[in-house]
Amino acid sequence: SAAEKGGYDYFMLKEIAEQPKAVADTLLGRIDGAGSLTLDEVRIPANVLREIDKVVVIACGTAFHAGLIAKYAIEHWTRLPCEVELASEFRYRDPILDQQTLVIAISQSGETMDTLMALRHAREQGAHVLAICNTNGSTIPRESDAVLYTHAGPEVAVASTKAFLTQLVACYLVALYLGQVRGTKWADEIRAVVRDLSSIAGAVDRVLETMEPVRELARSLAGKNTVLFLGRHVGYPVALEGALKLKELAYMHAEGFAAGELKHGPIALIEDDLPVVVVVPSPRGRSVLHDKIVSNIQEIRARGARTIVIAEEGDEAVAEYADHLIRVPVTPTLLQPLVATVPLQVFACELATARGNEVDQPRNLAKSVTVE
Ligand code: G6P
């Protein structure tokens, strides 16, 4: 009913709007403004966590994209090697797992059969399993050694939005916590990022306030057949998620690429007026990445692409190559997906509406897939 949707036309719109609260709720009680982190729920003892020599993330769909982003954070803050694998592929390749492996299973529903079977396989090999889950008491957390719940609240729309943002938050918390427990050389940076996280819900809110031009742009592209998405570093999984959202909701051909791979193939797809969304990393910090993506944008634009650029506030260097510029607040590099994903959700939702699709219940999809 309309009341359940809180006055929004679709659950998805409501859930997109709830993201600042979902993010804040997932951080609540786990971090403080002084930069310290409390994760009592991670009931895997500190001495076990100190012995871990490898992290493996398993998940499906949107949760898999959260896992891809987690890899950057985990490897940077913990110096542990981290693999990310689609749950449906994981156990069939005879993965190398033992008591020193930490497996992180990410699942909104906690009932996805592919993820459940992968985690059972990991536990049989002696690995420690930590679930990141949005559904209290569901099967995946019950079968794990520990669980870090995301507090997105119930997510009804099939396409995942607020659960994804809270999965990212949980992944950052786990990465920072592992870094803290294991005592890496990033202690100061970890404290600073924890402080940055405490203002991130406000940043998500600011993005939501500036979405009207994105909706307008989406409507203008309703007759297109294809949209490409490019990113580098953590912007690459964001590009994959942007493409997935468009497939799920708008039933359009959409693909995400690592921008550095353009020249190895995908650039052949560029033709006149093809919309290409580019997620641009911050010009601060890893500025090499920024320069490289700016040249990628120039390359595709020279071949006729219509560039839709998501860039940090104050990033002027990229503005002249953007046919459409979408601004996001300044964040630490690793946290940018929390703000950069939001315009892509709004974009896909509006395109779906413009194409007359059922936003909350896309054809052929289920919210929770309980078969392998
Ligand atoms: C289904 C949903 C996706 C979701 C995936 C994983 O395919 O349609 O939106 O990302 O399952 O779901 P989970 O509940 O495990 O996060």
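Residue 615 is where the sequence shown ends in full-length UniProt numbering, and the numbering goes up by one at each step.
Note that beta-carbon positions come from the ideal geometry of N, C-alpha and C, so glycine has one too.
Cα-Cα separation between residue i and residue j, rounded to whole angstroms
{"i": "residue 387", "j": "residue 413", "result": "16 Å"}
{"i": "residue 355", "j": "residue 304", "result": "10 Å"}
{"i": "residue 563", "j": "residue 465", "result": "25 Å"}
{"i": "residue 309", "j": "residue 484", "result": "9 Å"}
{"i": "residue 325", "j": "residue 289", "result": "19 Å"}
{"i": "residue 419", "j": "residue 441", "result": "14 Å"}
{"i": "residue 500", "j": "residue 550", "result": "15 Å"}
{"i": "residue 508", "j": "residue 519", "result": "15 Å"}
{"i": "residue 247", "j": "residue 254", "result": "8 Å"}
{"i": "residue 424", "j": "residue 430", "result": "10 Å"}
{"i": "residue 367", "j": "residue 472", "result": "38 Å"}
{"i": "residue 544", "j": "residue 371", "result": "47 Å"}
{"i": "residue 327", "j": "residue 492", "result": "25 Å"}
{"i": "residue 363", "j": "residue 606", "result": "31 Å"}
{"i": "residue 341", "j": "residue 417", "result": "20 Å"}
{"i": "residue 613", "j": "residue 557", "result": "45 Å"}
{"i": "residue 287", "j": "residue 532", "result": "36 Å"}
{"i": "residue 397", "j": "residue 495", "result": "27 Å"}
{"i": "residue 503", "j": "residue 271", "result": "37 Å"}
Endpoints, the alpha helix (DSSP H) within which residue i is located
{"i": "residue 382", "result": "382 to 385"}
{"i": "residue 312", "result": "304 to 321"}
{"i": "residue 370", "result": "That residue, residue 370, is in no alpha helix (DSSP H); it is neither H nor E in DSSP."}
{"i": "residue 469", "result": "Counting along the chain, residue 469 falls outside any alpha helix (DSSP H), though it belongs to the beta strand (DSSP E) covering 469 to 474."}
{"i": "residue 293", "result": "289 to 294"}
{"i": "residue 344", "result": "Premise fails: residue 344 lies in the beta strand (DSSP E), 344 to 350, not in any alpha helix (DSSP H)."}
{"i": "residue 259", "result": "254 to 260"}
{"i": "residue 582", "result": "580 to 597"}
Residue from the options whose Cα sits closest to the Cα of residue i
{"i": "residue 428", "options": "537, 545, 320 and 380", "result": "320"}
{"i": "residue 334", "options": "342, 308, 343 and 302", "result": "302"}
{"i": "residue 322", "options": "613, 421, 371 and 395", "result": "421"}
{"i": "residue 578", "options": "312, 463, 288 and 269", "result": "312"}
{"i": "residue 376", "options": "513, 284 and 297", "result": "284"}
{"i": "residue 360", "options": "332, 340, 380 and 490", "result": "332"}
{"i": "residue 316", "options": "585, 576 and 256", "result": "576"}
{"i": "residue 383", "options": "330, 438 and 252", "result": "330"}
{"i": "residue 404", "options": "260, 540 and 328", "result": "260"}
{"i": "residue 408", "options": "584, 425, 523 and 609", "result": "584"}
{"i": "residue 292", "options": "343, 271, 252 and 266", "result": "343"}
{"i": "residue 586", "options": "451, 476 and 424", "result": "451"}
{"i": "residue 415", "options": "496, 504, 477 and 488", "result": "477"}
{"i": "residue 573", "options": "460, 294, 548 and 528", "result": "528"}
{"i": "residue 530", "options": "278, 444, 475 and 438", "result": "475"}
{"i": "residue 252", "options": "286, 602, 565 and 496", "result": "602"}
{"i": "residue 540", "options": "570, 506 and 340", "result": "506"}
{"i": "residue 346", "options": "546, 273, 398 and 299", "result": "299"}
{"i": "residue 553", "options": "547, 559, 560 and 568", "result": "568"}
{"i": "residue 609", "options": "351, 245, 272 and 448", "result": "351"}
Opening and closing residue of the beta strand (DSSP E) in which residue i lies
{"i": "residue 533", "result": "Counting along the chain, residue 533 falls outside any beta strand (DSSP E), though it belongs to the alpha helix (DSSP H) covering 530 to 545."}
{"i": "residue 553", "result": "549 to 555"}
{"i": "residue 354", "result": "Taken as a continuous stretch (DSSP letters only), residue 354 belongs to no beta strand (DSSP E), as it is neither H nor E."}
{"i": "residue 499", "result": "496 to 501"}
{"i": "residue 518", "result": "518 to 522"}
Check: residue i C-beta below 6 Å from any heavy atom of the ligand COA
{"i": "residue 351", "result": "As presented, the structure is devoid of the ligand COA, carrying the ligand G6P as its sole ligands."}
Any chain B beta carbon closer than 7 Å to residue i
{"i": "residue 581", "result": "In summary, chain B is missing from the structure at hand, where a single protein chain is found."}
Q.
If we require 4 or more residues per run, which alpha helix (DSSP H) segments fall completely within the stretch 391 to 456?
A. 405 to 425, 430 to 440 and 443 to 451
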